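To keep things clear, I will list the structure first and then write my remarks on it.
Number of protein chains: 2
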Amino acid sequence: MLSSSGGRSHTPSTVGELGEFGLIRELTARLTTTSAVRVGPGDDAAVVSAPDRRVVASTDVLVEGRHFRRDWSTAYDVGRKAAAQNMADIAAMGAVPTALLLGLVVPAELAVNWPSELMDGIRDEARVAAAAVVGGDVVRGDTITVAITALGDMRNQEPVTRSGARPGDAVAVTGWLGWSAAGHTVLSRGFRSPRAFVEAHRRPEPPYHAGPAAAALGATAMTDVSDGLVADLGHIAECSKVRIDVRSAELDVPAQMYDIGQAVGVDPLQWVLTGGEDHAIVATFPAEQKLPARWRTIGEVLAPSALPHVTVDGAPWDKAGGWNHFRD
Amino acid sequence: MLSSSGGRSHTPSTVGELGEFGLIRELTARLTTTSAVRVGPGDDAAVVSAPDRRVVASTDVLVEGRHFRRDWSTAYDVGRKAAAQNMADIAAMGAVPTALLLGLVVPAELAVNWPSELMDGIRDEARVAAAAVVGGDVVRGDTITVAITALGDMRNQEPVTRSGARPGDAVAVTGWLGWSAAGHTVLSRGFRSPRAFVEAHRRPEPPYHAGPAAAALGATAMTDVSDGLVADLGHIAECSKVRIDVRSAELDVPAQMYDIGQAVGVDPLQWVLTGGEDHAIVATFPAEQKLPARWRTIGEVLAPSALPHVTVDGAPWDKAGGWNHFRD
């Protein structure tokens, strides 16, 4: 088993042929490390530096057919996306991602290159954020399932939760909004272009650096946009007991998005307001805080009222908002 | 949805009826916290104290039908076991468990009480080790899948890996060996007793405290027994480039285990040497180190030879050893 997993010429074709330990070796051999990794994969547990004396941790689970499709995304893209959505959660606390752990369920008949390319994707996305994969578990099951846990370090800043927004704060966003949703619509209609949106759906690019930067600028509340802007601002508004009003004229709806919206009969504002999975970072700031160039002020925090937690141009946004994975 | 999940009288009967956010509320409401938890469930990520400036982390995945059966184990027991096997990995590095994250896949038609009782089990096992559940993710899928990540703190000790065993060291174990395997045999033959073994299979009791204690006593290598004693000592021997010889006469094979072995036609030594899932802690120590009462010296570390990594009474152990989850 050792020689067959080590040599490229006789690599077994399925994970069942390779076996549990062979697959673990195959995946582990693809990893790179960082100076934060004290004990990496291959022992009972990993040991990772936590210089702040606090560790930030988040877990996300992706199930084939529900969160990704093998005919829409390569294994590599699924890995990039799974790692990205987890590290976006770390960044949205104001922390810097340091390490990832992978819990993977694979059918025995799956070709080995699928988990191998998945691992390459996870590794490469981790490297974007200067983090490393430090451990995990691989088991057999009928449905491909990817459970990732991300760890991060606060670097002596205070965590920015969802509950600190105050009336008068400005609401600002950085990163992409609606691109993944537009790509999802395109793919679900059987198209593979425009590439920009399809690529955004397959491989989001969260602005990891923006989380710690926002914390340093005094963000009062923060989250990443995973369920859709209205839904995720709703979480902030609910936790902070405020109302948030979004000014739609401030949202960036690129011309390309109008074009594709017209082609498929969708108001592109719908994608921007309710599309998740781009993992933009949205935060509230004291109104007087000047923000860096890539932040866009899109609304303000108001006192709670009889209106919904989130309004758009002062009125309820009545179209479907956010994802409820059990119902949709 | 809020009122139906909050009030006990109209609790929805399935997770699909309750919905994603309702289920998360239901599960989160069952949790308790500790002073190590700075930010608990409900935000983008949790924040947990890491006083040592290093965090220990391990992920394990359990899939229904492969790692547990709903007709053999209650949801509560599955939760206890899933948490236990993860925290045993933390203890086996010499660390103290601090926090758990849960990635859970559940079918929409599953009764809500199943994940609720699972969460109770995870919470209660965490409390045994003074740890807390701090976050996670719940998604829908066809097969119940439980992915747990455990975090721990080294408390200023050095991690004890699998690679430090030296010829001349003593091999010692604490905890239970073979009880879970005996219980598995009993259950797979359609029996529900003897209770002691069945309970050991359903709910292992890893000696969490023994891991940090062994580190303090100068353990040179350590692991928990999850794959079976011979297999797990094999990991130490391989990583440490040594041979390990187990003296079978030193192993504790209780009279009850002989009785049930006779009844089902199994040599009980087979359970003790190859049965996993009790999560005993096995470690190597300098030969002169006196060990506390509950440790049992069961063999010694030798220079590598032409023999297998692990021998029993000086000879290869030729019966099936350990689990290979992809093949069994």
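Chains as they are written, first to last, in my numbering: chain A, 1 to 328; chain B, 1001 to 1328. Glycine is no exception: its CB is placed at the ideal position from the N, C-alpha and C atoms. If you're wondering where the values come from, they're calculated on a predicted model, not measured in any experiment.
- No Cβ of chain B is located within less than 8 Å of the beta carbon of D169 of chain A.
- Taking 8 Å as the CB threshold, I244 of chain A stays off the interface with chain B.
- Here Q262 of chain A is exposed. Its C-beta has fewer than 16 other C-beta atoms within 10 Å.
- Counting of Cβ neighbours within 10 angstroms places G1234 of chain B among the buried residues, the total reaching 16 or more.
- Nearest to A130 of chain A by alpha-carbon distance, out of A:A221, A:S35, A:Q85, A:H184, is A:S35.
- Shortest Cα-Cα distance from A1306 of chain B to any of B:E1250, B:K1241, B:A1255 involves B:K1241.
- At a cut-off of 8 Å between C-beta atoms, M1093 of chain B counts as an interface residue with respect to chain A.
- With respect to the 8 Å criterion, W176 of chain A and A280 of chain A are classified as neighbours on the basis of their beta carbons.
- Two segments are said to touch when three or more pairs of C-beta atoms, one from each, lie closer than 8 Å; by this definition the region 1151-1158 of chain B does not touch the region 68-86 of chain A.
- In the three-state reduction of the DSSP assignment, G19 of chain A falls in the coil class.
- Cα atoms of V1061 of chain B and V138 of chain A: separation of roughly 7 Å, rounded to the nearest angstrom.
- By the Cβ neighbour-count rule, D1227 of chain B is buried, with 16 or more other Cβ atoms within 10 Å of its own.
- If you keep only unbroken beta strand (DSSP E) runs of at least 3 residues inside the region 1134-1183 of chain B, you get 1145-1153, 1170-1174.
- E205 of chain A has its alpha-carbon roughly 11 Å from the corresponding atom of A83 of chain A.
- When the beta-carbon positions are compared, R166 of chain A and V282 of chain A stay at least 8 Å from each other.
- Using a CB distance below 9 Å, the part of the region 44-71 of chain A facing chain B consists of D44, A45, A46, V47, V48, S49, A50, P51, D52, R53, R54, V55, V56, A57, S58, T59, D60, V61, L62, V63, E64, G65, R66, H67, ordered along the chain.
- Separation of the CB atoms of A46 of chain A and G121 of chain A is rounded to 20 Å, and the pair is thereby denied contact status at 8 Å.
- Here I1298 of chain B has V1171, A1172, V1173, V1246, R1247, E1250, L1251 as same chain residues with Cβ atoms under 7 Å from its own Cβ, once five neighbours each way along the sequence are excluded.
- Any Cβ of chain B closer than 8 Å to the Cβ of P159 of chain A would place that residue at the interface, and such an atom is present.
- The CB of V1139 of chain B comes closer than 8 Å to the CB of V61, L62, V63, R66, H67, H325 in chain A, given here in chain order.
- Residue-level contact check: A1172 of chain B does not touch chain A, since none of the beta carbons of chain A fall below 8 Å from its beta carbon.
- With a minimum length of 3 residues, the unbroken runs of beta strand (DSSP E) contained wholly in the region 1014-1095 of chain B fall at 1037-1039, 1046-1049, 1054-1063.
- The region 1209-1221 of chain B makes contact with the region 1083-1096 of chain B; the number of CB pairs closer than 8 Å reaches 3 or more.
- The Cβ atoms of V1105 of chain B and T1059 of chain B lie no closer than 8 Å to each other.
- Here F191 of chain A carries a coil assignment [DSSP, helix/strand/coil].
- For D278 of chain A, none of the residues of chain B pass the 7 Å Cβ criterion, the least Cβ distance being about 15 Å.
- If you ignore the 5 residues before and after G1164 of chain B, its C-beta comes within less than 6 Å of the C-beta of T1220, A1221, all in its own chain and listed in chain order.
- Shortest Cα-Cα distance from A132 of chain A to any of A:A200, A:T32, A:F68 involves A:T32.
- For T1274 of chain B, the uninterrupted alpha helix (DSSP H) run begins and ends at 1268-1274, by DSSP.
- A distance below 8 Å separates the beta carbons of V15 of chain A and L110 of chain A.
- L1101 of chain B reaches chain A at A57, T59, T149, counting residues in chain order whose Cβ is nearer than 7 Å.
- Going by DSSP, G299 of chain A is part of the beta strand (DSSP E) stretching over 296-302.
- DSSP places G261 of chain A in the helix class (H, G or I) of the three-state scheme.
- Comparing C-alpha distances from Q270 of chain A to each of A:K290, A:R202, A:R192, A:W179 shows the shortest one belongs to A:W179.
- No Cβ of chain A is located within less than 8 Å of the beta carbon of G1275 of chain B.
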